[in-house]
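Residue numbers (my numbering), protein chains in the order written: chain X, 22 to 127; chain R, 5 to 232.
In this text, a Cβ means the ideal position worked out from N, Cα and C, and glycines have one as well.
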């Protein structure tokens, strides 16, 4: 399972107190409807390795915000929408505070 | 024709085969001896003796060159035994045994080539990197981990023993890795072992009784963490 954190440019300076959890069931629902997403979305969010780590660039964070808005618009599922809203806020925080967004697997 | 082939094979003036022949009784005893030896080598090749440490739960390396050699010798003696029943000419018996032995050995060497996909036995021989253990497993899932949203082991649970139990234990469960967006499993394997006692908490803070260990295709531990 992947968890999103904010941090400095060095991976060791991650703020571990605030986070957004990308639950397995939410990821499964997105994967099930992967035909709704373009290739870039799959690499950035839908197809994240549950045991791998990823660091997002500023452009990718901006794209994630649009992706979250798209998910909120397209999906009816409560868990999926809740996750997308949380992640969008987290991404906006990353841009405002000039922090790096990390997706860390288990 | 048969008589010519068995007894009178010549190269020019030199008589190659036929000079060294067995009596009927000799044929019988040679074939019995060859079949007994074949049985012995087949037994050694198919059921190799286990090293003493195998019973202690330590992973045993897969049978390799020794088993191939035993099976090849077994096949060679079996062929020689069959040949001894058919012909009294000793060189033919020896040639039949040798050819069978060599062919069997080459075949076993070709089929034993390591493939990209690891076998179950090689996955059981896992590698736990100290760096991965400290910087990943302990940092994210250790009892003193500060990472929110991650499962954590209890301080009284021996994580290294748990990993060994999950990967090499007989009552653990082996699964393919999580699927990607195409539905195909990612490379690597998941091992899970469930305990009667609580070993930690899962990512939601609920009691966890199962350790999940993820190995990459080369058998290297990627991560280990508690789940419900």
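Contact the stretch 47–58 of chain X vs the stretch 199–213 of chain R: 3+ CB pairs below 8 Å: Result no; under three Cβ-Cβ pairs closer than 8 Å.
Same chain, Cβ closer than 8 Å to residue 101 of chain X, neighbours up to 5 away in sequence not counted: Start at 1 with the first residue of the first chain, and residue 101 of chain X comes out as number 80. Taken in chain order, the residues that qualify are 47, 50, 51 and 92.
Residue 37 of chain R CB to nearest heavy atom of the ligand HEM below 6 Å: In terms of ligand content, the structure shown is empty, and the ligand HEM therefore cannot be addressed.
Residue range of the unbroken alpha helix (DSSP H) whose run includes residue 82 of chain X: Residue numbering aside, residue 82 of chain X sits at position 61 when the first chain is read from its first letter. Per DSSP, residue 82 of chain X belongs to the alpha helix (DSSP H) from 79–95.
Nearest-angstrom Cβ-Cβ length linking residue 88 of chain R and residue 98 of chain R, presumed shorter than 8 Å: By one-based count along the second chain, residue 88 of chain R stands at place 84. By one-based count along the second chain, residue 98 of chain R stands at place 94. Actually they are not in contact, since the Cβ atoms of residue 88 of chain R and residue 98 of chain R sit about 10 Å apart, beyond 8 Å.
Proximity of residue 79 of chain R and residue 104 of chain R at Cβ, strictly below 7 Å: The residue you call residue 79 of chain R lines up with position 75 of the second chain. The residue you call residue 104 of chain R lines up with position 100 of the second chain. Note that the C-beta distance between residue 79 of chain R and residue 104 of chain R is below 7 Å.
Coil, strand or helix - residue 168 of chain R by DSSP: Taking the second chain and counting its residues from 1, one reaches residue 168 of chain R at position 164. Three-state DSSP puts residue 168 of chain R in a helix.
Sequence-distant residues of the same chain with beta carbon closer than 6 Å to residue 37 of chain R, five excluded per side: Translated into the one-based positions of the second chain, residue 37 of chain R becomes position 33. Excluding residues within five positions, none has a Cβ falling inside 6 Å.
Contacts around residue 108 of chain X, its chain only, beta-carbon distance under 6 Å, and the 5 residues preceding and following it disregarded: Sequence index remark: in the first chain, residue 108 of chain X carries index 87 (1-based). Here residue 108 of chain X has 41 and 89 as same chain residues with Cβ atoms under 6 Å from its own Cβ, once five neighbours each way along the sequence are excluded.
Neighbour flag for residue 206 of chain R against chain X, beta carbons, 7 Å: Stepping through the second chain from its first residue, residue 206 of chain R is reached at position 202. Answer no: the Cβ-Cβ gap between residue 206 of chain R and chain X never drops below 7 Å.
Rounded straight-line distance, which links the Cα of residue 213 of chain R to that of residue 32 of chain X: Position 11 of the first chain holds residue 32 of chain X. Position 209 of the second chain holds residue 213 of chain R. A straight line joining the alpha-carbon of residue 32 of chain X with that of residue 213 of chain R spans about 30 Å.
Bridge partner(s) assigned by DSSP for residue 36 of chain X: Translated into positions along the first chain, residue 36 of chain X becomes position 15. Answer is X/27, bridged to residue 36 of chain X.
Straight-line gap, residue 209 of chain R to residue 174 of chain R (C-alpha atoms, nearest Å): Taking the second chain and counting its residues from 1, the one referred to as residue 209 of chain R is at position 205. Taking the second chain and counting its residues from 1, the one referred to as residue 174 of chain R is at position 170. Rounded to the nearest angstrom, the two C-alpha atoms are 29 Å apart.
Top-ranked residue by Cα proximity to residue 192 of chain R, from R/163, R/227 and R/158: Reading the second chain from its first residue, position 188 is the one you call residue 192 of chain R. It is R/227 whose Cα lies nearest to the Cα of residue 192 of chain R.
Secondary structure of residue 16 of chain X, DSSP reduced to three states: This structure leaves residue 16 of chain X out entirely; chain X is present only between 22 and 127.
Opening and closing residue of the alpha helix (DSSP H) in which residue 36 of chain R lies: Position 32 of the second chain, counted from the first residue, corresponds to residue 36 of chain R. Where residue 36 of chain R is concerned, the enclosing alpha helix (DSSP H) stretches over 28–50.
Residue span of the alpha helix (DSSP H) that contains residue 51 of chain X, given as start and end: Working through the first chain from its first residue, we reach residue 51 of chain X at position 30. First-last of the alpha helix (DSSP H) with residue 51 of chain X: 45–53.
Coarse secondary structure for residue 61 of chain X, derived from DSSP in three states: The sequence position of residue 61 of chain X within the first chain is 40, counting from 1. Helix at residue 61 of chain X.
Inter-residue spacing [alpha-carbon to alpha-carbon] between residue 231 of chain R and residue 81 of chain X: The residue you call residue 231 of chain R lines up with position 227 of the second chain. The residue you call residue 81 of chain X lines up with position 60 of the first chain. It is roughly 31 Å from the alpha-carbon of residue 231 of chain R to the alpha-carbon of residue 81 of chain X.
DSSP-derived helix/strand/coil call for residue 232 of chain R: Taking the second chain and counting its residues from 1, one reaches residue 232 of chain R at position 228. Residue 232 of chain R: coil per DSSP, three-state reduction.
Chain-ordered chain R contacts of residue 67 of chain X [CB-CB under 8 Å]: For this step, residue 67 of chain X is matched to residue 46 along the first chain. For residue 67 of chain X, the residues of chain R that pass the 8 Å Cβ criterion are 185, in the order they occur in the chain.
Residue 91 of chain R, buried or exposed, once every other Cβ within 10 Å from all chains shown has been counted against 16: As a position in the second chain, residue 91 of chain R is number 87, starting the count at 1. By the neighbour-count rule (16 or more Cβ atoms within 10 Å), residue 91 of chain R is buried.
Proximity to residue 86 of chain X [Cα-Cα], best of X/117, X/29, X/127 and X/35: Walking along the first chain from the start, residue 86 of chain X turns up at place 65. The option with the nearest alpha carbon to residue 86 of chain X is X/117.
DSSP state of residue 190 of chain R mapped onto helix, strand, coil: Here residue 190 of chain R corresponds to residue number 186 of the second chain, with the count starting at 1. For residue 190 of chain R, the secondary structure class from DSSP, reduced to helix, strand or coil, is coil.
Cβ-Cβ distance between residue 81 of chain R and residue 26 of chain R below 7 Å: Taking the second chain and counting its residues from 1, one reaches residue 81 of chain R at position 77. Taking the second chain and counting its residues from 1, one reaches residue 26 of chain R at position 22. No, the pair does not count as a contact, with Cβ atoms beyond the cut-off.
Short-range partners of chain R found in the stretch 53–67 of chain X, where Cβ spacing is below 7 Å: For the stretch 53–67 of chain X, the set of residues with a beta-carbon nearer than 7 Å to any beta-carbon of chain R comprises 55, 63 and 67, in chain order.
Which listed residue (R/28, R/112, R/166 and R/194) has its alpha carbon closest to that of residue 223 of chain R: The residue you call residue 223 of chain R lines up with position 219 of the second chain. Comparing alpha carbon positions, the residue from R/28, R/112, R/166 and R/194 closest to residue 223 of chain R is R/194.
Residue-level contact to chain X via CB, residue 123 of chain R, 7 Å cutoff: Reading the second chain from its first residue, position 119 is the one you call residue 123 of chain R. In this prediction, residue 123 of chain R scores a pLDDT of 43, lower than 50, which makes its location untrustworthy; no coordinate-derived value is stated.
Listed by chain order, chain X residues near residue 44 of chain R by CB distance under 7 Å: Sequence index remark: in the second chain, residue 44 of chain R carries index 40 (1-based). Neighbourhood of residue 44 of chain R in chain X, by CB distance below 7 Å: empty, with the nearest CB roughly 48 Å away.
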